[in-house]
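Student:
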Amino acid sequence: MSSLHLIETARELVADDKGLLAMDESTPTCDKRFAKFGIPQTEEARRAYRELIITTPELGESISGVVLYDETIRQHKRDGTPFLKIIAEAGIIPGIKVDAGAKAMAAHPGEKITEGLDGLRARLKEYAQMGARFAKWRAVITIGPGIPSRACVEANAQALARYAALCQEAGLVPIVEPEVLMDGNHPIERCLALTEEVLHMVFDELYSQQVMLEGLLLKPNMILPGLACPEQETVNEVADATVKCLLRAVPAAVPGIVFLSGGQSGELASARLNAMNLRFRGRLPWALAFSFARAIQQPALEIWQGDEAHVSAAQQALVHRARCNRAARRGEYDAAMERIRA
Ligand code: 13P
């Protein structure tokens, strides 16, 4: 597979002010979210929910790519049409989550290491044959007393780089996701310092393992105070801290940065992304886009509640969040966009 093809896909994923929709919740995570609303935790309910998402009218106007899960990439609409066909017809690029989850790290209480490298080459080959053009791997770093350890950050950075190299070999654009969690009572400065350190280690490993930066996307957390921190910075302060961190640590060769939402509300995630694009317009080497799961899906899931009669209303809520985030890429998002809808 030529490098040109990887570069083109990476650029396409952040072109035209669009972004990604992550719908790759593993079965346990998806079931947990369903359980909150009393939705049956069955393969059919998960299939119906994912059908709702990908058949949302006009989704492709704001969404360039969707991240699927192994169960989902093989599923069909109720009428028998493969999901991959629906996604292609919507002009959306299919991607696939390939990590096997963040597991407790031996000898490191409270810390996690992401598994999934064994057999990855064969799995990537199969997904590429099915039509996937990019992949995703999430590493999780927890802030707490005495953690993260250097061992945890290094091991996760190395796994991310090994995954990324295998993806590029298979012709898939790797989305490299080192997530520093927002849980905790730490101040924003701690998130900034730690995320900077994590990103330096990740790019060091990517360099060692000869991953081509032009053919990947970075999926980081925004720089935020801990959820339980008494001092919560403004939208503009978060935007400034996030861009400061990324300018220090992310090489200019990377075509795009697609943020995770990490548990922020849809409105806050849009407002913060908007502030970054508005305040730094024309001054950044990479596109600042999104790859949200909860910040796009949450209102739709709440409306759907597993009821066929609510599908259309849920789809409207979903496409609304997608449009808000496209507007945020242009620095044109405004809280008024939420009021008009309400
Ligand atoms: P959230 O936007 O809900 O954090 O999910 C993004 C994601 O893909 C996590 O891996």
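Counting in the numbering used here, the sequence shown runs without a single skipped number right up to 347 at its last residue.
Yeah, the Cβ is synthetic: ideal placement off N, Cα and C, and Gly gets one too.
1) Name the DSSP bridge partner or partners of E17?
2) In the DSSP assignment, find the alpha helix (DSSP H) that holds L26 and state where it starts and stops.
3) Could you compute how far the alpha carbon of G267 sits from the alpha carbon of S8?
4) Closest to A300 by C-alpha separation, out of Q310, L199, K141, R328, would be which residue?
5) Out of curiosity, what's the CA-to-CA distance linking E194 and S67?
6) My output table needs one value for K41: the three-state DSSP class, helix, strand or coil.
7) How long is the line joining the alpha carbons of V185 and G100, rounded to whole angstroms?
8) Among D188, K37, A258, which one has its Cα closest to the Cα of I152?
9) Could you tell me the distance, in whole angstroms, from the CA atom of A341 to the CA atom of A280?
10) Taking all protein chains shown into account, do 16 or more other C-beta atoms lie within 10 angstroms of the C-beta of E63, making it buried, or fewer, making it exposed?
11) What first and last residue would you give for the beta strand (DSSP E) that runs through R335?
12) Hey, I146 and V158 are a contact pair by Cβ (cut 8 Å); roughly how many whole angstroms apart?
13) At a cut-off of 7 Å, is G267 close to the ligand ZN when judged by its beta-carbon and the heavy atoms of the ligand?
14) Would the C-beta of I277 count as close to the ligand 13P, meaning under 7 Å from any of its heavy atoms?
15) State the DSSP-derived secondary structure class of V316, mapped to helix, strand or coil.
Tutor: Taking the geometry as given:
1) Beta-bridge pairing links E17 to no other residue.
2) Note, L26: premise wrong, no alpha helix (DSSP H); beta strand (DSSP E) at 24-27.
3) Rounded to whole angstroms, G267 to S8 spans 31 Å at the Cα level.
4) Checked all of Q310, L199, K141, R328; the closest Cα to A300 is R328.
5) Within the model, the alpha-carbon separation for E194 versus S67 is close to 33 Å.
6) The answer is helix: DSSP assigns K41 an H, G or I state.
7) Computed Cα separation, rounded: 23 Å.
8) The shortest CA-to-CA distance from I152 to any of D188, K37, A258 is the one to D188.
9) Distance between the alpha carbons of A341 and A280 is about 15 Å.
10) Residue burial is scored here from C-beta neighbours: E63 has fewer than 16 other C-beta atoms within 10 angstroms and is therefore classed as exposed.
11) Element bounds for R335: n/a, residue is neither H nor E.
12) About 6 Å; that satisfies the 8 Å criterion.
13) As for the ligand ZN, it is missing from this structure, which binds only the ligand 13P.
14) Reading off the sequence, residue 277 comes out as Arg, not Ile. The answer is no for R277.
15) Note: V316 maps to helix in three-state DSSP.
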